[in-house]
Amino acid sequence: MKKVLIVEDEKNLARFIELELKHENYDVEIRNDGASGLNRALQHDFDLILLDLMLPEMDGLEVCKRLRTQKDTPIIMITAKGEIEDKVTGLDYGADDYIVKPFEIEELLARSRALIRRYTDEHAAKSNVIEIDGIKIDKNAFKVWYENETLELTKTEFDLLLLLAENKNRVLHREQILDHVWGYESEVETNVVDVYIRYLRNKLKKIDKQKLIETVRGVGYVIRQ
Numbered sequence: 061m062k063k064v065l066i067v068e069d070e071k072n073l074a075r076f077i078e079l080e081l082k083h084e085n086y087d088v089e090i091r092n093d094g095a096s097g098l099n100r101a102l103q104h105d106f107d108l109i110l111l112d113l114m115l116p117e118m119d120g121l122e123v124c125k126r127l128r129t130q131k132d133t134p135i136i137m138i139t140a141k142g143e144i145e146d147k148v149t150g151l152d153y154g155a156d157d158y159i160v161k162p163f164e165i166e167e168l169l170a171r172s173r174a175l176i177r178r179y180t181d182e183h184a185a186k187s188n189v190i191e192i193d194g195i196k197i198d199k200n201a202f203k204v205w206y207e208n209e210t211l212e213l214t215k216t217e218f219d220l221l222l223l224l225a226e227n228k229n230r231v232l233h234r235e236q237i238l239d240h241v242w243g244y245e246s247e248v249e250t251n252v253v254d255v256y257i258r259y260l261r262n263k264l265k266k267i268d269k270q271k272l273i274e275t276v277r278g279v280g281y282v283i284r285q
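Laid out in structure tokens, this is it:
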């Protein structure tokens, strides 16, 4: 269930939006001032924040500005101010969308769905990328890069690096690596792991990361971070 935080000092409006969102199967919380809204947004992971501009204690722009230093939660700014300058200011402070009072609830719901969908898709894409010591590994695209340089790896080299990165700080035995990268039915000898580690280190040398993979003598290999 997606979670939405409403930060709105007009209690009747906040309650109305809450009921409509709950009807759409959202989990909803309400805060009626900027300070408590910011605190709650920082304490908890929400899928969307509906943030009024004119709030007691701390206005919506300040809430948005402070929240953006720590989180990228989607924000729809709700306000009675419809001037283009006000919209631009809200977006510049980190809001993702802007809706002016009075509004049709169907429009707010549609904008909420679209923003949550976009945010979810972006985070799903990010979750496919592992970063270790500045090296980024895209599991879906089979791509490895560091800063602006792409490392050209074979499928086996990629699988080996990915396995070690996903198990960082954990020493993997040669037999474990062999099973995961070459398969349980493989008749390859365990020394092939050492050979491919050497291949991988040679390619990592191009970006001065040849020491990324540590040898644990008599056991196997590990990436520590």
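Read in order, the letters of the sequence shown are residues 61 to 285 in our numbering. The beta-carbon is built from N, C-alpha and C at its ideal position, and this holds for glycine as well.
To which residues does DSSP link residue i through a beta bridge?
i: M137; result: L111 and Y158
i: W289; result: The structure shown has nothing for residue 289, since the chain only spans 61 to 285.
i: Y281; result: L232 and T275
i: L65; result: E89 and I109
i: E191; result: K196
Which one of the options has the shortest CA to CA distance from residue i?
i: I273; options: Y281, K266 and I267; result: Y281
i: I138; options: I144, K161 and R91; result: K161
i: D107; options: G94, I176 and V67; result: I176
i: L232; options: R284, K62, I90 and G142; result: R284
i: L151; options: L111, K71 and L73; result: L111
i: I267; options: N208, D105 and V123; result: N208
i: L222; options: G243, K199, W205 and E235; result: K199
i: G243; options: Q130, T216 and I144; result: T216
i: K164; options: L73, G278 and K147; result: For the record, residue 164 in the displayed sequence is Glu; it is not Lys. If we check each option's Cα against that of E164, L73 comes out closest.
i: Q103; options: N92, N227 and Q130; result: Q130
i: L220; options: Y259, D156, K265 and D157; result: Y259
By a C-beta neighbour count over all protein chains shown, 10 Å radius and 16 as the cutoff for buried, is residue i buried or exposed?
i: T133; result: buried
i: R171; result: buried
i: A140; result: exposed
i: F76; result: exposed
i: L230; result: According to the sequence shown, residue 230 is Arg rather than Leu. Counting Cβ neighbours within 10 Å, R230 comes out exposed, since fewer than 16 surround it.
i: A174; result: exposed
i: R154; result: Reading off the sequence, residue 154 comes out as Gly, not Arg. Looking at its Cβ environment, which holds 16 or more other Cβ atoms inside 10 Å, G154 is buried.
i: E212; result: exposed
For residue i, which residues in the same chain have their Cβ closer than 7 Å to its Cβ, ignoring the five residues on either side in sequence?
i: E84; result: L169
i: L81; result: V64 and V88
i: D119; result: G94 and L113
i: S261; result: Here the sequence assigns Arg to residue 261, which means Ser is not the residue at that position. The answer, listed in chain order, is Q270 and I273.
Whole-angstrom Cβ separation of residue i and residue j, contact assumed at under 8 Å?
i: A101; j: L121; result: With 8 Å as the limit, A101 and L121 do not qualify as a contact, their Cβ atoms being about 14 Å apart.
i: V253; j: L238; result: 6 Å
i: I197; j: A225; result: 6 Å
i: G94; j: P116; result: 7 Å
i: K263; j: D193; result: Between D193 and K263 the Cβ distance is about 15 Å, and since that is not below 8 Å, they are no contact.
i: Y86; j: K62; result: 5 Å
By Cβ distance, which residues of its chain are closer than 8 Å to residue i, with the 5 residues on each side in sequence left out?
i: T250; result: R234, E235 and L238
Leaving aside the five residues before and after residue i along the sequence, list all residues of the same chain whose C-beta is less than 6 Å from its C-beta, in chain order.
i: F202; result: F218
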